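Each remark here refers to the structure printed beneath this line.
Residue numbers (my numbering): 35 to 388.
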């Protein structure tokens, strides 16, 4: 399940201003000036007709019962900053970095507007509704209504699905990482319990949570200068939330199966071997480029909500659940993704017989 309430509550969102910026930040600011600036004037341009509605097939989800491997490092088109005109709060300049892409012209503008829609969806969605949840036991809690009507919500669900498939795939016993994992499991269990008869019946949830988000402010503009996501086990995340009770979980990922009697041993090995590989993929891999795009949009929306609460846009749009222009054409897409997930969950990423 994906929730970014942590951005607001546990100091993950750090602001710096012009008076305290370092030399490195000055250099980064200069680099931002060379990035493409997408100007948006008023709501008519902010909310253009969505001509690129995606079907389930176009989301390119891994087929149920198939494994996926880690991907190459990839820097997608990324929303890096926003400038608000103090005289016209409905005018925004979105600053994007083209990354490793070669996007130009109309295609660049189209993809940049997608990032702007992520930002606007994050603005209008209440903090408590910024989550998705693919779980076989909770068909009634897939996604909140407002978020479920947006492209951002659709893409968050799709990323949740991909990450579940990756988590299972990384534990394939005949892969390099999977062999290392299971060899370590059997070795440690043999030492501790004198047996390697491990009934694989239960599973742990692996969650993604915000690790760090830093925003640099300069002359009415805000730039994301650092953003990173953390991958952790469910029990570790929940233990951190005992102080801040009431926070919702973050992105939970898939079946990490392990034996009920040797939970502690297996969980330690998951932390050592599996989670670092997932975290590397989440923060740098091509599979999760959209997740990183969404995270940056959420960071900037959090900055906006905290610093521009009294603007006209805040009064009429922020946390109001107004999804026109950032919504999906297919209102059943969330259920379709969930149905695809159920098939994948039932089949598993692989069959192993020895």
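We treat Cβ as the ideally placed atom computed from N, Cα and C, and that holds for glycine. It should be emphasised that the depicted structure is a prediction, and the values quoted were computed from it without experimental measurement.
What number of angstroms, rounded off, separates the C-alpha of residue 124 from the C-alpha of residue 153? Indexing the chain shown from 1 puts residue 124 at position 90. Indexing the chain shown from 1 puts residue 153 at position 119. The alpha-carbon atoms of residue 124 and residue 153 are separated by roughly 14 angstroms.
In chain order, what residues of the same chain lie with their CB nearer than 8 angstroms to the CB of residue 381, ignoring the 5 residues before and after it? As a working note, residue 381 is residue 347 in the chain shown. So the qualifying residues of the chain are 98, 99.
Any idea what DSSP makes of residue 104, helix, strand or coil? Locating residue 104 in the chain shown gives position 70, where the first residue counts as 1. Reduced to three states, the DSSP call for residue 104 is coil.
Beta-carbon contacts of residue 341 that lie in its chain and below 7 angstroms, excluding the five residues immediately before and after: Along the chain shown, read from residue 1 onward, the residue named residue 341 stands at position 307. Closer than 7 angstroms at the Cβ level, and outside the excluded window around residue 341, lies no residue.
Using three-state DSSP, classify residue 349 as helix, strand or coil. Mapped onto the chain shown, residue 349 falls at position 315. Residue 349 carries a helical assignment under DSSP once its states are collapsed to helix, strand and coil.
Using three-state DSSP, classify residue 306 as helix, strand or coil. Within the chain shown, residue 306 is the residue found at index 272, counting from 1. Helix.
Excluding five sequence neighbours on each side, which residues of the same chain lie with their C-beta closer than 6 angstroms to the C-beta of residue 379? For the purposes of this step, residue 379 is taken as the residue at position 345 of the chain shown. Counting only Cβ-Cβ distances below 6 angstroms, and skipping sequence neighbours, we find 170.
Helix, strand or coil for residue 188? Go by DSSP, reduced to three states. What you label residue 188 is simply residue 154 of the chain shown in a count that begins at 1. Of the three classes helix, strand and coil, the one that applies to residue 188 here is helix, per DSSP.
Integer Cβ distance of residue 258 from residue 176, believed to fall under 8 angstroms: Here residue 258 is taken as the residue at index 224 of the chain shown, counted from 1. Here residue 176 is taken as the residue at index 142 of the chain shown, counted from 1. Not a contact, Cβ separation roughly 29 angstroms.
Can you look up residue 143 in the DSSP assignment and give me helix, strand or coil? Taking the chain shown and counting its residues from 1, the one referred to as residue 143 is at position 109. Residue state, collapsed to three classes: helix.
N- and C-terminal bounds of the alpha helix (DSSP H) containing residue 335: Position 301 of the chain shown, counting from 1, holds the residue named residue 335. Residues 323-341.
Contacts around residue 312, its chain only, beta-carbon distance under 6 angstroms, and the 5 residues preceding and following it disregarded: For the purposes of this step, residue 312 is identified with residue 278 of the chain shown, where counting begins at 1. Here the set comprises 265.
Reduced DSSP category for residue 70 - H, G, I as helix; E, B as strand; rest coil: Numbered from 1 along the chain shown, position 36 holds the residue referred to as residue 70. Its pLDDT being 49, under 50, residue 70 is placed unreliably in this model, and the coordinates cannot settle the point.
Which one or two residues does DSSP pair with residue 115 in a beta bridge? Translated into the one-based positions of the chain shown, residue 115 becomes position 81. In the DSSP output, where bridge partners are listed per residue, residue 115 has 129, 257.
Inter-residue Cα distance where the pair is residue 293 and residue 300: Residue mapping note: residue 293 aligns to position 259 of the chain shown, counting from 1. Residue mapping note: residue 300 aligns to position 266 of the chain shown, counting from 1. Residue confidence is low: residue 293 scores 43 on pLDDT, short of 50, so the model does not pin down where it sits. No coordinate-derived value is stated.
Evaluate the contact criterion for the region 158-170 versus the region 127-143: three or more CB pairs, one atom per stretch, below 8 angstroms. no
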